[in-house]
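Here's the structure we're looking at; comments come further down.
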Amino acid sequence: MLPPKPTTLDARSAAGLVRQWRRAVEPEALAAAYDALAAAGPLVPTPWGALLVTGYEECRQVLTGREWLTLGARWRDAHRPGWRESASTVGLCETPLQQDPPEHTARRRPLNAVLAPRVVREAAERLVEPLTERHVGEFAATVRRDGAADVVARVCRPLPTAVLAEMAGLPEWIDRGWLAAESAAMVRVEELAAPPSVVRRADAAALALLDAYDRALAERLRHPAGDLLSRWAAQDPAGARYLLLTLFSAGVPTTAALLAGTALALTADPALAERIRQEPGFAGPLTDELLRWDPPGRVVTRVTDADTELGGRPVPAGRVVHALIGAAHRDPERFAAPHVFDPDRPAQRLLAFGGGLHYCLGSHLARAQALAFARAFARELPGARAAAPPVRHAGPSMADIARLTIHSPLT
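Note that numbering that gives the first Met the number 0 gives residue 243 to position 244 of the sequence shown, counting from 1, and the numbers run on in steps of one.
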């Protein structure tokens, strides 16, 4: 193992850089924070004892290396007394998102069959495209009628919720709007240093979601309907509640963030929408660049279970690191002119959907929805512009767009 590289970054300077990063919300502000962090070195210490990882190669290593584990139940039992009082944290630790093998392997297996590329291709034709056409068409009609409308509330959150609900066979009595809102609220517990009010809201959402899932599974156990929900209920009703929690709490907020970013790009530069109308295949590279420019999940937290090396520096067992996906996607050693939004840049492997054992199973489904949304939006809302700057949630992990009001010059 190489000796530590010398550094002149003192604790006070490091804390200032970390504070700048945590306060940044918009991609442009984050770019400046990422540059400052990268200039300080590949690993920047935080006031809470973790390390921020900024380089592409170092972040890829954290995502794919078997020595890097989640902050799952075992880790929390050892380091976070009282964590089990948080229903949302307990719920997430029962999902593959916060599990390692062998629990991760067993819990993830049923999802593999549902979200495999072949299944998603079939679902794209059967569900994604028709649902996208309906949601975007209704939104465009609302904009024409009212002059403006919030695309996040009317399309970006309802669309992935509807797609997953149809795929799972969720009963109609579970309100889709409520499901989207509760799923988004629950996952906010993952935000770094989430305030108590956010944790309380997340805990209430987790309890409400699990209760709804339990009732739906019990209903399908009594009256099977030949759908995915019925199959999961028959196989493992106790585990199925967490499969549903994984699908909606992971799938809805991240896909909604990608769709909102797409809408922002198409309204900020109508030439992009015109190009999609002329060249539908352009939606693919545009989506890839959006995932690089503003990934839905900007931070992945891991802990090493053995002494290792990262960025040429030793990292002892037990050290927590935060891999900054947004910073990795702005690494000039990997991406030319990284602060330039360029959908025509050469294809590169991105880290937006993770890597290794925890590579996002829903990546194909999320991308299918983004492509369908971009094409439908470009067709139904030519010349559409944002009526006001987007309103974002506070970051830094999930600074996604909470509201984006769209108007069309054709109204």
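A virtual CB, placed ideally from N, CA and C, is assigned to each residue, including glycine.
Problem set entry | Local conformation of H134 per DSSP, three classes | Residue 134 sits at position 135 when you count from the first residue of the sequence shown. Helix.
Exercise. Are there 16 or more other CB atoms within 10 angstroms of the CB of P195, so buried, or fewer, so exposed?
Worked result: The residue given as residue 195 occupies position 196 in the sequence shown. Counting Cβ neighbours within 10 Å, P195 comes out exposed, since fewer than 16 surround it.
Exercise. Can at least three beta-carbon pairs, one atom from the segment 108 to 115 and one from the segment 204 to 212, be found at a separation below 8 Å?
Worked result: Result no; under three Cβ-Cβ pairs closer than 8 Å.
Exercise. Per DSSP, which one or two residues make a beta bridge with P44?
Worked result: Numbered from its first residue, the sequence shown carries residue 44 at position 45. P44 pairs with L50.
Exercise. Can you find a CB in chain D that lies within less than 8 Å of the CB of R344?
Worked result: Given the protein chain composition of this structure (a single chain), no chain D is represented.
Exercise. Quick one: Cα of S12 to Cα of E27, how far?
Worked result: Counted from its first residue, the sequence shown places residue 12 at position 13. Counted from its first residue, the sequence shown places residue 27 at position 28. For S12 and E27, the distance between alpha carbons rounds to 22 Å.
Exercise. What does a CB cutoff of less than 7 Å around T245 pick up in its chain, not counting 5 residues either side in sequence?
Worked result: Counted from its first residue, the sequence shown places residue 245 at position 246. Excluding residues within five positions, the ones whose Cβ falls inside 7 Å are T94, P95, L96, L110.
For this session: Could you say which of A262, V302, D293 lies nearest to G48 if we only look at CA atoms?
Result: One-based indexing of the sequence shown puts residue 48 at position 49. Answer by Cα proximity: V302.
Problem set entry | Whole-angstrom C-beta distance between V390 and A401, which should lie under 8 Å | Here residue 401 is taken as the residue at index 402 of the sequence shown, counted from 1. Here residue 390 is taken as the residue at index 391 of the sequence shown, counted from 1. Contact flag correct, Cβ pair sits at about 5 Å.
Problem set entry | Top-ranked residue by Cα proximity to T160, from V24, V251, A262, R348 | Reading the sequence shown from its first residue, position 161 is the one you call residue 160. For the residues V24, V251, A262, R348, the minimum Cα distance to T160 belongs to V251.
Problem set entry | Close Cβ partners of P5 (< 6 Å) along its chain, the five nearest in sequence each way excluded | The residue you call residue 5 lines up with position 6 of the sequence shown. Here P5 scores only 38 on pLDDT, less than 50, and its place in the model should not be relied on; the value that follows carries that caveat. Cβ contact annotation for P5 (same chain, cutoff 6 Å, sequence separation greater than five): none.
Exercise. According to DSSP, is D104 helix, strand or coil?
Worked result: Counted from its first residue, the sequence shown places residue 104 at position 105. Looking at the sequence shown, residue 104 is not Asp but Thr. Here T104 sits in helix by DSSP.
For this session: Thinking S248 and V186 are a contact (beta carbons under 8 Å), I'd like their distance in whole angstroms, please.
Result: As a working note, residue 248 is residue 249 in the sequence shown. As a working note, residue 186 is residue 187 in the sequence shown. That belief holds up - the Cβ atoms of S248 and V186 are roughly 5 Å apart, short of 8 Å.
Exercise. Rounded C-beta distance between L42 and L16? I'm assuming under 8 Å.
Worked result: In the sequence shown, the residue the question calls residue 42 occupies position 43. In the sequence shown, the residue the question calls residue 16 occupies position 17. With a contact defined as Cβ atoms closer than 8 Å, L42 and L16 miss out at about 12 Å.
Exercise. So is Q277 buried or exposed if we call it buried at 16+ other beta carbons inside 10 Å?
Worked result: On the sequence shown, residue 277 is found 278 positions in, with the first residue counted as 1. Q277 should be labelled exposed.
Problem set entry | Cβ shell of A14 (< 6 Å), same chain only, five flanking positions each side left out | The residue given as residue 14 occupies position 15 in the sequence shown. Scanning its chain for C-beta atoms nearer than 6 Å, with the 5 sequence neighbours on each side dropped, one finds around A14 the residues P46, in chain order.
Exercise. Expressed to the nearest angstrom, what Euclidean distance is found between the alpha-carbon atoms of A21 and A30?
Worked result: Your numbering for residue 21 matches position 22 in the sequence shown. Your numbering for residue 30 matches position 31 in the sequence shown. Sequence check: residue 21 is Arg here, not Ala. So the alpha carbons of these two residues sit roughly 12 Å apart.
For this session: Return the CA-CA distance between C58 and V52, expressed in angstroms with no decimal places.
Result: The residue given as residue 58 occupies position 59 in the sequence shown. The residue given as residue 52 occupies position 53 in the sequence shown. In a straight line, the C-alpha of C58 is about 6 Å away from that of V52.
For this session: Specify the secondary structure class of I173 as computed by DSSP and reduced to three states.
Result: Here residue 173 corresponds to residue number 174 of the sequence shown, with the count starting at 1. Three-state result, I173: coil.
Exercise. Which residues in the same chain as E121 place their Cβ atom closer than 6 Å to its Cβ, once the five residues preceding and following it in sequence are excluded?
Worked result: The count along the sequence shown starts at 1 and reaches residue 121 at position 122. So the list is empty, once near-sequence residues are dropped.
Exercise. Quick one, which of L349, A39, A239, Q19 has its alpha-carbon nearest D9's?
Worked result: Taking the sequence shown and counting its residues from 1, the one referred to as residue 9 is at position 10. Comparing Cα-Cα distances from D9 to each of L349, A39, A239, Q19, the minimum goes to A39.
Exercise. Would T286 pass as a contact of R348 if the rule is Cβ separation under 8 Å?
Worked result: For the purposes of this step, residue 286 is taken as the residue at position 287 of the sequence shown. For the purposes of this step, residue 348 is taken as the residue at position 349 of the sequence shown. Not a contact, by the Cβ cut-off of 8 Å.
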